[in-house]
Amino acid sequence: MKVLFTTYPTAFQFKGGGELILEKIQDRLQKRGVEVKLFDMWKDKIAEFDVVHNFGVFADTASIVDFAKAYKVPVA
Numbered sequence: 001m002k003v004l005f006t007t008y009p010t011a012f013q014f015k016g017g018g019e020l021i022l023e024k025i026q027d028r029l030q031k032r033g034v035e036v037k038l039f040d041m042w043k044d045k046i047a048e049f050d051v052v053h054n055f056g057v058f059a060d061t062a063s064i065v066d067f068a069k070a071y072k073v074p075v076a
C-alpha cells in the first residue's frame, strides 16, 4: 500500500508537535510494510497512491484534497 502524507507547505520549517506526530505515524506504518511518502508537489503524482492522509485542515491543502477526490483516491 502506498500512502501519501500531506500538510501545510511550511509545516517543517519550525518543527513542533504536529510534525512529530506525523513522523511517528510514518515510522510506525513503515515498520508494518506500508510505503509512506511526504508530498512533494514537484515530483509526486497523487493518482499513483492508494490513499492520501491530510494532516490538518488548512486552505493550503484544500486543492490537494480536491484533486485526490477527483481521481478517486481516498482521503483520510
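Residues in the sequence shown are numbered from 1 upward in steps of one, following the UniProt record's numbering.
Backbone N, C-alpha and C fix where the C-beta goes; we use that ideal spot for every residue, glycine too.
In this structure, the straight-line span from the alpha carbon of residue 16 to that of residue 31 is close to 23 angstroms. Judged by their CB atoms, residue 66 and residue 1 are not nearer to each other than the 8 angstroms cut-off. Looking from the CA of residue 38, the closest CA among 75, 4, 54 belongs to 4. Boundaries around residue 65 are those of the alpha helix (DSSP H), 59-70, since no beta strand (DSSP E) includes it. Going by DSSP, residue 35 is part of the beta strand (DSSP E) stretching over 35-38. The alpha-carbon of residue 14 is positioned some 27 angstroms away from that of residue 34. Judged by DSSP in its simplified three-state form, residue 43 adopts coil rather than helix or strand.
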